[in-house]
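Numbering (our numbering), first residue to last: -4 to 249. Every residue gets a Cβ at the ideal spot worked out from N, C-alpha and C, and that includes glycine. Take a look at the structure set out below.
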Amino acid sequence: MSQIALITGGTSGIGLETAKVLASIGYNIIIVGRREDRLIKVSNELINSYKVKVKYLVLDIRDRESVSNSISSLPDEWKNIDVLVNNAGLAVGLNSFDKGEFEDWERMIDTNIKGLIYVTKFVVPFMISKKRGHIINIGSIAGKQEYLNGNIYCATKHAVDSLSRSMLLDLNQYNIKVSQISPGAVETEFSIVRFKGDESKANSVYNGFTPLSAEDIANIVKFVVSAPEHVNISDIVVLPTAQSSASTINKKLE
Ligand code: NDP
Ligand code: 8X3
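Dropping the structure here:
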């Protein structure tokens, strides 16, 4: 079989575009997400457009047992995962620390940190056994700098930043590459999720400047996985031209 990429959060945004771009260069794809209707639709699109093999896992990455069961029940030929893109993640709420809600905080911590480490822990043994593999973590500019009211989301992405360096240190002995891509503002369903379905609040995030697109990030994933065997692109920060820090976007440019 051709190379296999497992992408978490393949039902929307960055993960969906990454699945398409990696399929377009011949990867067979495993996509993971909770929304089965979307997983079926994306799978059919990938199979029809790119003639690759696709498997989908209906999976909430916060559930450690389900992650273990789903990954261990993959057919043997699908366990030969070459690239793991840890993309599934979310922000919920944008409130000062004193006004934040535990439920929102726990969703972010359970998904962005615990979900990422569960998936990685269960995939890594396959990479170790063949002494080859590539883990790509989607971090964020929020993992490099804090911004007002970002508190717990920023903390989870700082954890991803730290975990990316730790994985690189610990897994290097097995010839596993570890890369992190940390974007600024990308227009996806991210802000709709953050503002719990409030579309006008979500749209206002991207008004007055040109944000990154999910395809921009997918093309960077393609660049990272296509580097020669002896090259590991370990850390990339990518911002819209109008954005100069986690909290500074020049909305006067347009
Ligand atoms: P989207 O909301 O468009 O996509 C998020 C994806 O994550 C969906 O496919 C969703 O699938 C999946 N997901 C969420 N929770 C779970 C879960 N518990 N189990 C399995 N899958 C889950 O947002 P983006 O594409 O923008 O976000 C992708 C990543 O990029 C996130 O980690 C985000 O933090 C990061 N990022 C985003 C930026 C932005 O401005 N948009 C900037 C920097 C980083 P489903 O709902 O079907 O489970
Ligand atoms: C997602 C984008 O602006 O919240 O990581 O940092 S932002």
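Roughly how many angstroms separate the alpha carbons of residue i and residue j, rounded to a whole number?
i    : j    : result
I133 : S68  : 25 Å
R127 : I228 : 15 Å
Y169 : K116 : 14 Å
D193 : E72  : 43 Å
E254 : V53  : Residue 254 cannot be examined here, being either before or after the span of the chain that is shown, -4 to 249.
I212 : K48  : 23 Å
E60  : E101 : 18 Å
R33  : K94  : 34 Å
D156 : T106 : 15 Å
I66  : T236 : 39 Å
I154 : K109 : It should be pointed out that residue 154 corresponds to Ala in this sequence rather than to Ile. Rounded to the nearest angstrom, the two C-alpha atoms are 10 Å apart.
V219 : S91  : 36 Å
T243 : S195 : 21 Å
E96  : S199 : 23 Å
K15  : D230 : 23 Å
L234 : N23  : 29 Å
Take the Cβ of residue i as the centre, count every other Cβ of all protein chains shown within 10 Å, and call the residue buried at 16 or more, exposed below.
i    : result
R160 : exposed
G28  : buried
H129 : buried
N146 : buried
L163 : buried
G4   : buried
G21  : exposed
T13  : buried
D165 : exposed
K125 : exposed
K46  : exposed
N167 : exposed
Would you mind working out which of the options sits nearest residue i, comparing C-alpha positions?
i    : options                : result
V87  : V16, G5, F185          : F185
M103 : V49, A150, I42, V118   : A150
S44  : L52, E72, S19, S61     : S19
M122 : S242, T236, V173, I187 : V173
N214 : K125, K109, L17        : L17
K152 : N198, Y201, A83        : A83
A197 : V226, N64, L89, W100   : L89
V188 : T243, D99, V80, D58    : D99
E224 : S199, V200, I171, P70  : I171
P269 : P70, E96, K74          : Nothing can be reported for residue 269: it is not among the residues displayed for the chain, which extend from -4 to 249.
Could you give the C-beta distance for residue i and residue j, rounded to a whole number, given that I count them as a contact under 8 Å?
i    : j    : result
G179 : L207 : 7 Å
V118 : S177 : Actually they are not in contact, since the Cβ atoms of V118 and S177 sit about 21 Å apart, beyond 8 Å.
T183 : S7   : 6 Å
A241 : Q140 : 4 Å
S63  : Y51  : With a Cβ gap of about 18 Å, S63 and Y51 do not count as contacting.
Output yes or no for whether 9 Å exceeds the beta carbon distance between residue i and residue j.
i    : j    : result
I252 : L1   : The shown model of the chain, from -4 to 249, leaves out residue 252, and the question about it has no answer.
L11  : A209 : yes
Q250 : F190 : Shown here, the chain extends from -4 to 249; a query on residue 250 therefore has no answer.
L111 : L158 : yes
I136 : V78  : no
I76  : V216 : no
Y148 : I56  : no
K247 : N202 : no
I9   : V181 : yes
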